[in-house]
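A.B. asks: Encoded as structure tokens, here's the structure I'll be asking about.
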Amino acid sequence: EFYKKMLDGEQILMPKHLLMTMAKRRAADYYRSFTPTEDLDDHIAICDEKALRELENDDSFEYEQIMQLIAESDDTAYRIFYLHFHCGHTLEKTARELSMSESTVKSKIYRTIKKLRKQLTEGEENAFFRRSK
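Numbers -17 to 115, taken from the numbering used here, label the letters of the sequence shown in order.
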């Protein structure tokens, strides 16, 4: 670019400033094109697995009780949890078997765990978890 401007006969008042500006812009464009993008759903899935393990290891609730709560509230969520956590299928394989998109499966897991936490910590039938007033 700088060379083109010189050949075109343009008068460059501050060549050092122009070169620095051009170099900065070119470097920014170059590195912007290589900026890795991460899928947030990948991170959500990891958190969800940790959350399920926390629920499984809780002294007050057994795994079967948690799965029963899921089965009673949403059959699709139950099938997702069973395939992914009990059978050990990947999210991709679970989604394929249920004819759903992977993002739908991930969001269903996330929403169900959030709902479970709310039920387990604020449910009236579970006095052990009720918050003190």
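Virtual Cβ for every residue (Gly too), placed ideally from N, Cα, C. In this text, all values refer to a predicted model and were calculated from it rather than measured experimentally.
#1: Going by C-alpha to C-alpha distance, which of I62, M(-4), A5, P(-3) sits closest to S83?
#2: Helix, strand or coil for Q(-7)? Go by DSSP, reduced to three states.
#3: For R99, which residues in the same chain have their Cβ closer than 6 Å to its Cβ, ignoring the five residues on either side in sequence?
#4: Under DSSP, the alpha helix (DSSP H) around T58 begins and ends at which residues?
#5: Less than 8 Å between the beta carbons of V117 and T94, yes or no?
#6: Quick check: what's the CA-CA separation for A27 versus Y92?
#7: Considering L80, what are the terminal residues of the alpha helix (DSSP H) in which it resides?
#8: Would A59 and I52 qualify as a contact pair, given that the criterion is a beta-carbon distance under 8 Å?
#9: Exposed or buried, which one is K90 when buried takes at least 16 other CB atoms within 10 Å?
#10: Compare the C-alpha of Q50 against each of Q101, L(-5), L(-11), K(-13) and name the closest.
#11: Does H71 come out as helix, strand or coil in the three-state DSSP assignment?
#12: For C69 and D57, I'd like the C-alpha separation in whole angstroms.
C.D. replies: By the coordinates alone:
#1: I62
#2: coil
#3: none
#4: 57 to 63
#5: The chain is shown only over -17 to 115; residue 117 falls outside these bounds and no answer can be derived.
#6: Any reading at A27 needs caution, since the residue's pLDDT is 49, under 50, leaving its predicted position unreliable; the model's value is listed next. Their backbone Cα atoms lie some 8 Å apart in a straight line.
#7: Where L80 is concerned, there is no enclosing alpha helix (DSSP H), given that its DSSP letter is neither H nor E.
#8: yes
#9: buried
#10: Q101
#11: coil
#12: 16 Å
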